[in-house]
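For reference, the structure discussed in these notes is given below.
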Amino acid sequence: MRKLIAGTGWKMNIGAAEAARYAARLLSCLDAASRDLLDLFVLPPFTSLHAAHAAFLSSPVGIGAQNMHWEASGAWTGEISAAMLAEAGCKYVELAHSERLQHFGETYEFVRRKLNAAMDSRLTPILCLGETRQDKSLGRADDVLAEQIGIALADQSASSLPAIMLAYEPRWAIGAANAAPPDYVAERHRALRSVVRQRYGAQAAGDVRIIYGGSVTPGNSEALMDHPDVDGLFVGRAAWSPEGFAEIAAIVARAAMKRKLS
Ligand code: 13P
39 MRKLIAGTGW
49 KMNIGAAEAA
59 RYAARLLSCL
69 DAASRDLLDL
79 FVLPPFTSLH
89 AAHAAFLSSP
99 VGIGAQNMHW
109 EASGAWTGEI
119 SAAMLAEAGC
129 KYVELAHSER
139 LQHFGETYEF
149 VRRKLNAAMD
159 SRLTPILCLG
169 ETRQDKSLGR
179 ADDVLAEQIG
189 IALADQSASS
199 LPAIMLAYEP
209 RWAIGAANAA
219 PPDYVAERHR
229 ALRSVVRQRY
239 GAQAAGDVRI
249 IYGGSVTPGN
259 SEALMDHPDV
269 DGLFVGRAAW
279 SPEGFAEIAA
289 IVARAAMKRK
299 LS
C-alpha cells in the first residue's frame, strides 16, 4: 500500500525567523495519525532551509527546496546544486512548478537534467505535471501530461520510479479560487498512472505516488482524497499557517486510515 503524503511549498514566503516559529507550532499541532501514517514535507525558500532543518530535525517532517541547478558546481551565478541541498538537510526537491515554467522559462528538458542530478544526490524529486487552461479546453490534458512525463523521466528506469513523487498540478488551478473538481483530478491521476504503467510496467505504476496540488483547502481535502489514485496533497496558501497544514494533514491521515481498513 502506498504511503500517503501531505506537503507544502512556501514559495517566496516565510523567512528564517518565521520558519523556526512555524516549525515549532506545526510540531505542536500535528496529530498522532499524521505523524505515524504520512510522509510530511515542507519546502521553504533557500534562505530558510537552515532554520527549517534545525527546527524539524528528528521530527516526521522532511524539508526540501523549490528548485535547483542540474550541474554539480561551476560558474552558475545565483544557482544551487543538488549536493548543496543535500548538505543543507534537504530530502526533497520540487521541480517544474508552474510558476517556474511561467515566469522563469523552465522547460521539461531542463527539468529532466535537474531530475537526473537530484536522483544522483539521493534527493526525492517532486515532479510537477499539469496542463494549461488552453490545453484543457482543447481536450489535450492527458496528452500534455504524457508528454511532460516522457521528457522529464526519459533517463529513468522502472526501479527508480518509487523514489520519485509525481505531483499533478493543473496550471489553471494553482493560486486560483477553486481546486480542480475531485472527479477531474481522479481521471488525470488514473491517466498518469496508466502512462507510468505503459512505460515502466505494473509494479512501477502501483508503487509511484501521485499527489494533487492547486487551491487545496481544509474544505476540499476530504473529497480530493476520496479517490484511490490520489496519494496525497501538495498545498500552497492554505498551509502557510501551521494550523492550516496540520488540519489538512489530519484529513489526509484519515484517508490513510480508511484505506487501511478497506
Ligand atoms: P495554492 O494551494 O496556493 O493554489 O498553491 C499550490 C501550489 O503551488 C502547489 O505546488
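58 is the number that my numbering gives to position 20 of the sequence shown; each next residue is one higher, with no gaps. Using N, Cα and C, we set each Cβ at its ideal position, and we do this for glycine too.
Option nearest residue i by Cα separation, candidates the options
i: V273; options: G251, A284, S86, V99; result: G251
i: R292; options: A89, A70, K49; result: A70
i: K41; options: R160, P200, N51, F84; result: P200
i: A134; options: L204, P266, D267, H265; result: L204
i: R237; options: I189, P82, A89; result: I189
i: D267; options: D77, F142, R231; result: R231
i: P163; options: D173, S111, G100, G143; result: G100
i: I202; options: V246, G168, A287; result: V246
i: S86; options: A103, T115, L68, G53; result: G53
i: S198; options: A243, L183, C166; result: A243
i: S72; options: A57, C166, R59, I43; result: I43
i: V254; options: D264, L271, I248; result: L271
i: S300; options: E281, S111, D264, A277; result: D264
beta-carbon residue i near the ligand 13P non-hydrogen atom, thresh 7 Å
i: I248; result: no
i: R275; result: yes
i: A287; result: no
i: I101; result: no
i: G244; result: no
i: V254; result: yes
i: A218; result: no
i: E281; result: no
i: E207; result: yes
i: G251; result: yes
i: I212; result: yes
i: G257; result: no
i: G270; result: no
i: H135; result: yes
i: G47; result: yes
Residue i, buried or exposed, once every other Cβ within 10 Å from all chains shown has been counted against 16
i: W48; result: buried
i: M39; result: exposed
i: S175; result: exposed
i: D269; result: buried
i: S259; result: buried
i: D158; result: exposed
i: N105; result: buried
i: D77; result: buried
i: S119; result: buried
CB-CB length for residue i against residue j, believed under 8 Å
i: L226; j: T170; result: A small correction: the amino acid at residue 226 is Arg; Leu does not occupy that position in the sequence shown. At roughly 13 Å, the Cβ-Cβ gap does not stay under 8 Å, so R226 and T170 are not in contact.
i: A92; j: V131; result: A92 to V131, Cβ: 19 Å. No contact.
i: L65; j: A294; result: Contact doesn't hold; Cβ gap of about 19 Å is too wide.
| task | Scan the region 107-152 and note each continuous alpha helix (DSSP H) run of 4 residues or more that stays entirely inside, going in chain order. | result | 120-125, 136-141
| request: Identify every run of the alpha helix (DSSP H) within the region 193-280, keeping only runs that are complete inside it and at least 4 residues long; order them along the chain. | output: 220-238, 240-245, 256-262
| If you scan the region 45-105 from start to end, which runs of the beta strand (DSSP E) of 3 or more residues do you find wholly inside it? | 76-81, 99-103
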